[in-house]
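Beneath this line is the structure, given in structure tokens, with notes to follow.
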Amino acid sequence: MEEKYQIIYEYLDGELPPVQESELFALLATDQEARNEMKSALAIKEAVRSDSVAFVPPIKSTNKIFSALGFSEPSAIAATASISKFAALKNWLLLQTKYIATGISSAIVTAAIMLMLLPKENANDSISNVSSTKIYNPKETIAQQPQPMPEIKEKVVYKYIVVEQKNPDSKSVASNDQVIKLSSSFPEIIKPQNNLNAGRAQMFPMNINITNLLPEEILPDKQDSKISFEIKGLSYASDFEEKVRPAEKQSLNNSSFSVIYDYSNEFAFGLNYSRENFYQKFEGYENNQLYQYEQNPNFETFSLIGRYSLEFLKFDYGKIYTQAAIGGNKVGFVGRLGIGAEIPIFKEHSLQVGYDISNMYYRHQSKWFSSSKKGLAFGVKLKL
Amino acid sequence: MAKYYDEYSDTELYKMLCEDRRTAEQAFTEIFNRYSSRIYAYCRRFLGDREEALDAFQETFIRFHQSASKEREMTNLPGFLLTIARNLCLNYKRDRKIGVPVEEARNLFYQDNYESKELLDLITRALDLLEDEYREVFILKEYAGMQYSEIAEILNISPANAKTRAFRAKQKIKEILSPYLKDLTRN
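Protein sequences appear in the order of chains A and B.
Take the first sequence: its position 212, counted from the start at 1, is 612 in the numbering used here, and no numbers get skipped.
Take the second sequence: its position 163, counted from the start at 1, is 173 in the numbering used here, and no numbers get skipped.
What follows is the structure in structure tokens.
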């Protein structure tokens, strides 16, 4: 091997000055030996990279080090590749911080408004104990103690939003049952009575034609409105075999609420608030003992949605869209990818059905874990 | 706002080693996660012998932890770890019994049916045939991913010298592997 080939190695080492690159490429273009040299050097480099025996210290040896220093043994040694992968994700997220921060703060405001419309008794119990399994919040180093089972209410109370009709003679639920009549843009929640059938058409969410129920003066001009409100139910299956049943301390679990802004015919953006479960399976050490935790807690997830509808997939009876969302909840990051269909049912309101894949990344004792699930989301989109 | 340990710099983590036990443990774990594979790769490929490499690897991290001092300003933590590892590996080599002479080993190498072996096996065996000064530069460059300037600092030589040694190491490995590589470049 001649000295003139040294630039090949410098190039592969990333230490060849840019000004010499043209010299290298000229050499490779004219010299068969140089090309062979390049192939050999690349083969050696690739072989070294694949030397997993050298790069992965045995766990026994790792444990010996930690024991000798009086430390608890780590659960596993993070592979270099996974560190760089998460570092890359982290860097990307940092770059997006200002956009995400704006989105999250808007989502929090939206969610706060929505929470005022929802029953409040369990709103803060996003992680709860189910069965007798110990529940942990992976972000916290100190494990939470098991909590007592919540008392089961004997009677289930359903709540509906009822809005006063413009025609006072109409036999609506509100007028019949002497419940609070709503005439403001901020509906109150009331208890239903037995004779609900007569007023079924005026009840939300039984009748999705909410625009008929709201006073006209509070409705925006439909022609100009690009904002819509989506309410969906979620039916998911975790990728793990679920051994712990989902926590049930959260009302309206497995439902999602979104505010969507139609930026153009093809693109839409929005904010989403979901109440959902993620089945978590992770490891951690307590007093030198390795534990594997499994839990199925409730989460409140806030995310930023981007939606793209393909022009050629728009039909008279609906359209197909793809959607990506990124956000987080109290234990980690959540990302979702999905595809869905929007089917108009009345004026500008539509039914929606979609298939989503969701991933939650979280960490416990410096180690990252992920939970994923996939399933259906179905609901309505109401144009404001 | 509290940061995760993987968000701290090497210098910050090193300082934390002198703090309370819990902080020190978390900081050490993070340092270990960052650099253990490089250190192990260096020991494993420089010494060749697995048991010796494991001993050197363990001792490196134990000595590193014992050396933690608030007074020391740690500017190149991987370099510091590799320097400890290198000194230990050199001690192991010095204490070793004299093995098979290089020429004899080279002949043994060629007696094997090289075609049936993976390139990586051949490279690791070729590394054993290199003189220490070339082998360690090759390992620091290819396994520990260090720049020539960093290698120069660890070995106390000039960057130009480090570059020359790395090139010669690769030349020697290529010479040893030439029958295999000829087949490779023909394909």
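We treat Cβ as the ideally placed atom computed from N, Cα and C, and that holds for glycine.
Looking only at its own chain, which residues have a Cβ that is under 6 Å from the Cβ of A:Glu410, when we skip the five neighbours before and after it? For the purposes of this step, residue 410 of chain A is taken as the residue at position 10 of the first sequence. Once the five neighbours on either side are set aside, the close Cβ partners of A:Glu410 are Leu416.
Check whether the Cβ atoms of A:Asp756 and A:Ala741 sit closer than 8 Å, and answer yes or no. Here the question's residue 756 of chain A lines up with position 356 in the first sequence. Here the question's residue 741 of chain A lines up with position 341 in the first sequence. Not a contact, by the Cβ cut-off of 8 Å.
Does DSSP put B:Asp59 in a helix, a strand or coil? As a first step, residue 59 of chain B is located in the second sequence; it is residue number 49 there, counting from the start. Here B:Asp59 sits in coil by DSSP.
Please report whether the beta-carbon of B:Tyr15 lies at a distance below 8 Å from any beta-carbon of chain A. The residue you call residue 15 of chain B lines up with position 5 of the second sequence. It does: the Cβ of B:Tyr15 has a partner Cβ on chain A nearer than 8 Å.
Would you mind working out which of A:Leu428, A:Ala468, A:Lys781, A:Arg736 sits nearest A:Ile745, comparing C-alpha positions? Within the first sequence, numbered from 1, the residue matching residue 745 of chain A stands at position 345. Closest in alpha carbon position to A:Ile745, among A:Leu428, A:Ala468, A:Lys781, A:Arg736, is A:Lys781.
Go to A:Val448, then tell me how far its alpha helix (DSSP H) extends in each direction, as first and last residue. Reading the first sequence from its first residue, position 48 is the one you call residue 448 of chain A. In the DSSP annotation of this structure, the continuous segment of the alpha helix (DSSP H) that includes A:Val448 starts and ends at 432-449.
Element boundaries [beta strand (DSSP E), containing A:Asp662]: In the first sequence, the residue the question calls residue 662 of chain A occupies position 262. Unbroken beta strand (DSSP E) run through A:Asp662: 655-662.
Quick one: what's got a C-beta closer than 6 Å to A:Thr722's C-beta in the same chain, skipping five residues either side? Indexing the first sequence from 1 puts residue 722 of chain A at position 322. Tyr708, Ile739.
CB contact check: A:Tyr721 to chain B, cutoff 8 Å: On the first sequence, residue 721 of chain A is found 321 positions in, with the first residue counted as 1. No, A:Tyr721 does not count as interfacial toward chain B.
Compare the beta carbon distance of A:Lys626 and A:Tyr673 with 8 Å and say whether it is the shorter of the two. Indexing the first sequence from 1 puts residue 626 of chain A at position 226. Indexing the first sequence from 1 puts residue 673 of chain A at position 273. No, Cβ-Cβ distance for A:Lys626 and A:Tyr673 is not below 8 Å.
Span separating the alpha-carbon of B:Leu187 from that of B:Glu62: Against the second sequence, residue 187 of chain B aligns to sequence position 177. Against the second sequence, residue 62 of chain B aligns to sequence position 52. So the alpha carbons of these two residues sit roughly 26 Å apart.
Just to make sure I have the definition right: I need the residues of chain A whose C-beta is within less than 7 Å of the C-beta of B:Phe71. Which are they? If you number the second sequence from 1, residue 71 of chain B lands on position 61. Within chain A, the residues near B:Phe71 are Ile465.
How big is the Cα-Cα spacing for A:Ile407 and A:Leu424? Numbered from its first residue, the first sequence carries residue 407 of chain A at position 7. Numbered from its first residue, the first sequence carries residue 424 of chain A at position 24. Cα to Cα, the separation comes out at about 7 Å.
Distance cutoff 8 Å, beta carbons only. Does B:Arg54 sit that close to anything in chain A? Residue numbering aside, residue 54 of chain B sits at position 44 when the second sequence is read from its first letter. It does; some Cβ of chain A falls within 8 Å.
What residues of chain A sit near B:Tyr153, judged by a beta carbon separation below 7 Å? In the second sequence, residue 153 of chain B corresponds to position 143, counting from 1. Those are Val448, Ala454, listed as they occur along chain A.
Tell me which residues share the same chain as A:Asn654 and place their Cβ nearer than 8 Å to its Cβ, disregarding the 5 neighbours each side in the sequence. As a first step, residue 654 of chain A must be located in the first sequence, where it is residue number 254. Answer for A:Asn654: Gly633, Leu634, Ser635, Tyr636, Arg675, Glu676, Asn677, listed in chain order.
Where B:Tyr158 sits in the DSSP three-state scheme: Here residue 158 of chain B is taken as the residue at index 148 of the second sequence, counted from 1. In this structure, DSSP gives B:Tyr158 a helical state, which the three-state scheme calls helix.
Contacts of B:Glu35 in chain A (Cβ-Cβ under 9 Å): Walking along the second sequence from the start, residue 35 of chain B turns up at place 25. The answer, in chain order, is Phe466, Leu469, Gly470, Phe471, Ser472.
For chain B, check one thing: does any of its Cβ atoms lie closer than 8 Å to the Cβ of A:Phe451? Numbered from its first residue, the first sequence carries residue 451 of chain A at position 51. The sequence given here places Asp at residue 451 of chain A; Phe does not occur at that position. Closer than 8 Å to some Cβ of chain B, the Cβ of A:Asp451 qualifies, so yes.
Are the CB atoms of A:Leu784 and A:Ser658 within a distance shorter than 8 Å? Counted from its first residue, the first sequence places residue 658 of chain A at position 258. Counted from its first residue, the first sequence places residue 784 of chain A at position 384. Their beta carbons are not under 8 Å apart, which means A:Ser658 does not touch A:Leu784 by this criterion.
To the nearest angstrom, report how far apart B:Asn101 and B:Glu146 are at their CA atoms. Counting from 1 along the second sequence, the entry for residue 101 of chain B is found at position 91. Counting from 1 along the second sequence, the entry for residue 146 of chain B is found at position 136. Rounded to the nearest angstrom, the two C-alpha atoms are 14 Å apart.
Please work out which residues of its chain come closer than 8 Å, Cβ to Cβ, to B:Ala163, disregarding the five sequence neighbours upstream and downstream, and give them in chain order. Locating residue 163 of chain B in the second sequence gives position 153, where the first residue counts as 1. A quick correction: the sequence has Glu, not Ala, at residue 163 of chain B. If we look at B:Glu163 and ignore the five residues flanking it on each side, its Cβ neighbours are Asn86, Gly89.
Could you tell me which chain B residues have their CB closer than 8 Å to the CB of A:Tyr352, listed as they occur along the chain? No information on residue 352 of chain A is available, as it lies outside the stretch 401 to 784 that chain A covers here.
Taking Cβ positions only, does A:Lys445 come closer than 8 Å to chain B? Here residue 445 of chain A refers to the residue found at position 45 when the first sequence is read from its first residue. Yes - at least one Cβ of chain B is within 8 Å of the one on A:Lys445.
When the Cα atoms are used, what is the spatial distance from B:Asp142 to B:Ile49? Within the second sequence, residue 142 of chain B is the residue found at index 132, counting from 1. Within the second sequence, residue 49 of chain B is the residue found at index 39, counting from 1. B:Asp142 and B:Ile49 have their alpha carbons spaced roughly 17 Å apart.
Would you verify that the beta carbon of B:Leu92 is, or is not, closer than 8 Å to some beta carbon of chain A? In the second sequence, the residue the question calls residue 92 of chain B occupies position 82. Answer no: the Cβ-Cβ gap between B:Leu92 and chain A never drops below 8 Å.
On the three-state DSSP scale, how would you describe B:Glu141? On the second sequence, residue 141 of chain B is found 131 positions in, with the first residue counted as 1. B:Glu141 falls in the coil class under three-state DSSP.
Is B:Ala66 helix, strand or coil when you go by DSSP? Taking the first residue of the second sequence as 1, we reach residue 66 of chain B at position 56. Three-state DSSP puts B:Ala66 in a helix.
Can the beta-carbon of B:Arg153 be found less than 8 Å from the beta-carbon of B:Ala51? Mapped onto the second sequence, residue 153 of chain B falls at position 143. Mapped onto the second sequence, residue 51 of chain B falls at position 41. For the record, residue 153 of chain B in the displayed sequence is Tyr; it is not Arg. For B:Tyr153 and B:Ala51, yes; Cβs fall inside 8 Å.
So which residues of chain B does A:Ser770 contact, with C-beta pairs closer than 8 Å? Position 370 of the first sequence holds residue 770 of chain A. Near A:Ser770 there are no residues of chain B at all, since even the closest Cβ is about 16 Å away, more than 8 Å.
Rounded to the nearest angstrom, what separates B:Tyr18 and A:Phe682 at their Cα positions? Taking the first residue of the second sequence as position 1, residue 18 of chain B is located at position 8. Taking the first residue of the first sequence as position 1, residue 682 of chain A is located at position 282. When only Cα atoms are considered, B:Tyr18 and A:Phe682 end up about 24 Å apart.
Taking Cβ positions only, does B:Lys180 come closer than 8 Å to chain A? On the second sequence, residue 180 of chain B is found 170 positions in, with the first residue counted as 1. With 8 Å as the cut-off, B:Lys180 counts as an interface residue toward chain A.
Sequence-distant residues of its chain with Cβ nearer than 6 Å to A:Tyr640 (five each side left out): Taking the first residue of the first sequence as position 1, residue 640 of chain A is located at position 240. Per the sequence shown, residue 640 of chain A should be read as Phe rather than Tyr. Correct list, in chain order: Tyr679, Lys681.
Below 7 Å, is the gap between the Cβ of B:Cys28 and the nearest heavy atom of the ligand SAH? What this structure holds is no ligand at all, so the ligand SAH is not there to describe.
Alpha-carbon to alpha-carbon, B:Thr39 and A:Gly732: The residue given as residue 732 of chain A occupies position 332 in the first sequence. The residue given as residue 39 of chain B occupies position 29 in the second sequence. Rounded to whole angstroms, A:Gly732 to B:Thr39 spans 21 Å at the Cα level.
List, in order along the chain, the chain A residues whose C-beta lies closer than 9 Å to that of B:Ile133? Working through the second sequence from its first residue, we reach residue 133 of chain B at position 123. The contacting residues are Ile444, Ala447, Val448, Asp451.
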